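Protein sequences, first through last, are from chains E and G.
Sequential numbering of the first sequence, starting at 1, is according to the numbering used here.
Sequential numbering of the second sequence, starting at 1001, is according to the numbering used here.
Glycine is no exception: its CB is placed at the ideal position from the N, C-alpha and C atoms.
These figures come from a predicted structure and were not determined experimentally.
Structure first, commentary second.
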Amino acid sequence: MKRVGLPRALIYFKFADMWKTFFKELGAEIIISPLTTKKIKSVSARIAPNEDCYSTKLFFGHTMAIKDQVDYLFIPRFGSENKDCVGCPKFIGLAEVLRSMFPDLPPIIMPHYNMAKGRDGKLSFFIKAYRVGLYFTKNPFRIIKAFKLALREHKQYKKELIIDEESLLKWEQSTLSLNDPPVLEENERMLKLALVGHSYVINDPFASLNIRKILQNQGVDLITSEQMPRNLIEQQIDKLNFRLYFDYEKEILGTIMHFIESKTIDGIIHIMVFSCGPDSIAGEMATQFSKRDPEMPLLQLVFDELTAEAGLRTRIEAFIDMLRRSTKEESIYIATKVHV
Amino acid sequence: MSISFPHVGTFTYVMESICYEMGRKDVVVPNKPSYKTKQLGSRHSPEWMCTPFKMLLGSFIEVVERGAFELVGTLFIDYCRLGYYVPLYELILEDLGYDFEFLYLNFNQPLGFIKEMKRRTTGLTYWKTFRAFQIGWIKNRFIDLVDKYLYHYQAIEYNKGSAQAVADKAYRIIVETKGMSNIRKLRKLVTKMFEEVDIDKKADPLKVAIVGELYAVVEPEINLDIMRLLNNLGVISYTPITFCRWIDIGSRANPFVRPTFKTAIKKAKPYVGYRLGGKTQESLGYAIMFKEQGWDGVVHLYPFTCMPEIITRSIIPQVSKEHDIPILSLVLDEHTGEAGLKTRLEAFIDLLDRKKNDTMKIGNKI
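Written out as structure tokens, the structure is:
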């Protein structure tokens, strides 16, 4: 049985179910790198190019963690899944950079898929998936079945992740919790915050320094930018003079703009990665919009590989303190961007 | 209501010409960026935004303070952040309290582009507006020609400063020429002007090509006039990366001329198979092409945190080793110091000199 390796970083967090189903149905043994640890981080800091963003550096570490256990690495060159948006150029270039910098890695399967600017469509998606399937089996029916099941699994995952507008309204007005149930002390009310950032930072406990756990222990219930209903985000992005064309950044900016306008939750925490290109744009726009309508508290945190937990905890405890004490009449302008 | 644009190296002359052709006389020409421009831009920009954003912002603030109202801004969808500068500039300049209006020239919508341009002319027709743009790209070819001669002759001239004087005269002549028949004579005129420069015809200087990100290569303030520094060390420098590649529609539509950037992209395909923004494929391809044409070395310039160029930089060691080309990669931002840059350049040129004259095999990537 051939072994295929999936590094647990960057777009893995968006397409994990699809890829895992596909390779399982083809009969391959899937090896996924473990959750980020200190060792992976120190390997990343040593071998990755200095100016890359923190998340890309972790990708290098994850690849190194599994390179000796697999026959193939699967690192697709993903451009975009929309006609008029693009992902980050790093997603497209990463496989080739790895191949160039470390020639002794196992062979990398790197299909290229880019729907932006009218290049690839549904048919070419199927053909490229078919070619990947041929690495593992020669049976065409098996590949087609694997493809169908993978797409179905991906659709199901998105359906379970993204909540619709009604549920959002119910959550805003009630005391039911959406994600992990928060730990509350006596007579403390549950705070509702939006945790906004890239999916590969929010869902990675080490890279985000366990921020979800910290918030949970402070009595906070969260909604993340991944879970926001799509049509609300598109409505907000249409209000801009020129639509933001970075796909995963739209989620982030759309969520922030929506809550600044609707004011239905207690606050927003925006996690940015140092040296992330699209984050610098969205971060600045969020700051400017917040300045013009300061009623919604916004905390912007900048993460990099030198971030320490103590500093982060202090900032978050201070923010939560301010939220618990504030009453709605005083609108405090607290869009603070803090390099943690 | 004066129109203005930021300073982007010698492309400023092209933009000035287009504005004059559009019939506008109230053009605020931006001055060359200085240390103050860099400071102004960095103070009001997000922390790790790419340096071209900061310097263009500084340039915009300066022209708005001098009275400009209409500002030329381009938008497009690409992997690079450049297509989204203008909405951010609007928010920042509004926050600072200035009064202005941005032209929204969207490269993805050619009809909207021409419409917006026509609105800003002094009542010209659609055909005349398009003609203004056409004259712009034709004059761009000649500005590039002047640059090529300047950075060639300046390395081997006898009287320091003669080539620059001729170039300055040539730039003004190109901007002020009117009428297609006069413009077509410009190529011969420029060549004749440069024949007056006294040069050492027997010299065999080193030849170094400059590749990398567009703004970092073209604007002398960010790269500390690296092409002149190389000339002062007696080395000919040339860059194939100019605005011509983007706006010269005439050349691209011409079936008999194969643009060089397409050859460069083809050569880079084994390393970077698909376009991922900026000049990634072009930089790698040009490095290989120039080596094949007998050039001695390549300098790769890029601003700090430029997303596509970080990928180029990571692949350059492999290209350098496989094709035996010395390549020096330099990262630039608003804090780059001249002394450090000069030291590295001098060391690089020293190695190239020894490699050429002693044919010693020394390590070829710094």
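Option in the options with minimal Cα separation from residue i
i                 : options                                    : result
Met110 (chain E)  : E:Leu123, E:Asp120, E:Ile92                : E:Ile92
Asp279 (chain E)  : E:Phe15, E:Met228, E:His198, E:Arg99       : E:His198
Asn1153 (chain G) : G:Glu1094, G:Val1218, G:Tyr1013, G:Phe1194 : Sequence check: residue 1153 (chain G) is Tyr here, not Asn. Of the candidates G:Glu1094, G:Val1218, G:Tyr1013, G:Phe1194, the one whose C-alpha sits nearest the C-alpha of Tyr1153 (chain G) is G:Phe1194.
Lys1160 (chain G) : G:Asp1200, G:Asp1204, G:Gly1123            : G:Asp1200
Phe1069 (chain G) : G:Val1272, G:Lys1054, G:Cys1050, G:Glu1094 : G:Glu1094
Gly1337 (chain G) : G:Ser1045, G:Ile1226, G:Tyr1158            : G:Ile1226
Pro76 (chain E)   : E:Leu312, E:Ala310, E:Gln173, E:Trp19      : E:Trp19
Asn1232 (chain G) : G:Leu1284, G:Tyr1151, G:Val1175            : G:Tyr1151
Arg325 (chain E)  : E:Arg46, E:Ile162, E:Gly267, E:Pro103      : E:Gly267
Glu1047 (chain G) : E:Arg313, E:Arg292, E:Leu306, E:Val273     : E:Val273
Ser1320 (chain G) : G:Phe1290, G:Thr1343, G:Asp1333, G:Ala1347 : G:Phe1290
Val4 (chain E)    : E:Thr137, E:Phe74, E:Asp52, E:Gly254       : E:Phe74
Ile252 (chain E)  : E:Phe242, E:Ile271, E:Asn241               : E:Ile271
Trp1246 (chain G) : G:Glu1176, G:Phe1076, G:Gly1234            : G:Phe1076
Between the CA atoms of residue j and residue i - distance to the nearest angstrom
i                 : j                 : result
Asp1147 (chain G) : Lys1115 (chain G) : 32 Å
Leu1071 (chain G) : Met1001 (chain G) : 10 Å
Ala1170 (chain G) : Cys1244 (chain G) : 18 Å
Gly1297 (chain G) : Cys276 (chain E)  : 32 Å
Glu317 (chain E)  : Gln216 (chain E)  : 12 Å
Glu188 (chain E)  : Pro205 (chain E)  : 26 Å
Lys122 (chain E)  : Gly79 (chain E)   : 14 Å
Gly379 (chain E)  : Asn179 (chain E)  : As displayed, chain E neither begins before 1 nor continues past 340, which places residue 379 (chain E) out of reach and without an answer.
Tyr1013 (chain G) : Arg1172 (chain G) : 8 Å
Gly1372 (chain G) : Lys1036 (chain G) : This structure does not reach residue 1372 (chain G), given that chain G is present from 1001 up to 1366, and the question cannot be answered.
Leu1345 (chain G) : Val1331 (chain G) : 13 Å
Phe1100 (chain G) : Glu1062 (chain G) : 13 Å
Phe289 (chain E)  : Met257 (chain E)  : 8 Å
Val1029 (chain G) : Met1015 (chain G) : 9 Å
Ile144 (chain E)  : Phe125 (chain E)  : 12 Å
Ala282 (chain E)  : Thr224 (chain E)  : 16 Å
Lys38 (chain E)   : Pro229 (chain E)  : 35 Å
Gln1039 (chain G) : Phe60 (chain E)   : 35 Å
Ala310 (chain E)  : Ile47 (chain E)   : 27 Å
Asn50 (chain E)   : Gly1112 (chain G) : 41 Å
Ile66 (chain E)   : Lys2 (chain E)    : 14 Å
Pro182 (chain E)  : Val220 (chain E)  : 6 Å
Exposed unless 16 or more other CB atoms sit within 10 angstroms - verdict on residue i
i                 : result
Pro1270 (chain G) : exposed
Arg1119 (chain G) : exposed
Gly1067 (chain G) : exposed
Val185 (chain E)  : Reading the sequence as shown, one finds Glu at residue 185 (chain E) and not Val. That one is exposed.
Asn1357 (chain G) : exposed
Gly1083 (chain G) : buried
Ser1181 (chain G) : exposed
Thr1280 (chain G) : buried
Leu222 (chain E)  : buried
Ile1366 (chain G) : Because Ile1366 (chain G) carries a pLDDT of 47, less than 50, the predicted location of this residue cannot be relied on, and the following value inherits that uncertainty. Answer is exposed; the Cβ neighbour count stays below 16.
Tyr12 (chain E)   : buried
His1335 (chain G) : exposed
Pro140 (chain E)  : exposed
Close Cβ partners of residue i (< 8 Å) along its chain, the five nearest in sequence each way excluded
i                 : result
Trp1295 (chain G) : Lys1207, Val1208, Ala1209
Asp1350 (chain G) : none
Gly1277 (chain G) : Asp1078, Tyr1079, Cys1080, Met1307, Pro1308
Ala207 (chain E)  : Thr36, Tyr54, Ser55, Leu58, Tyr200, Val201, Phe303
Ile233 (chain E)  : Lys250, Glu251, Gly254, Thr255, His258
C-beta atoms of residue i and residue j nearer than 8 Å
i                 : j                 : result
Glu1090 (chain G) : Phe1107 (chain G) : no
Gly1136 (chain G) : Ser1034 (chain G) : no
Gly1058 (chain G) : Pro1220 (chain G) : no
Leu1352 (chain G) : Pro1326 (chain G) : yes
Lys250 (chain E)  : Cys85 (chain E)   : yes
Gly1212 (chain G) : Ile1236 (chain G) : no
Gly1041 (chain G) : Lys1054 (chain G) : yes
His62 (chain E)   : Ala9 (chain E)    : yes
Lys348 (chain E)  : Glu172 (chain E)  : Chain E is shown only over 1 to 340; residue 348 (chain E) falls outside these bounds and no answer can be derived.
Interface residues of chain C facing residue i [CB-CB closer than 7 Å]
i                 : result
Trp1048 (chain G) : In the structure shown, chain C cannot be found, because the protein chains are E and G.
Sequence-distant residues of the same chain with beta carbon closer than 7 Å to residue i, five excluded per side
i                 : result
Ser331 (chain E)  : Residue placement at Ser331 (chain E) is poorly supported in this model, since its pLDDT is 49, which falls under 50; the coordinates still yield a value, given next. For Ser331 (chain E), where only same-chain residues beyond five positions count, the Cβ hits under 7 Å are Pro294, Glu295.
Pro1052 (chain G) : Tyr1215, Pro1303
Phe259 (chain E)  : Ala194, Ile265, Ile268, Met296
Cβ neighbours of residue i in the same chain (closer than 6 Å, five flanking residues each side left out)
i                 : result
Phe246 (chain E)  : Pro278
Asp1248 (chain G) : Trp1137
Ala1132 (chain G) : Ile1018, Glu1021, Met1022
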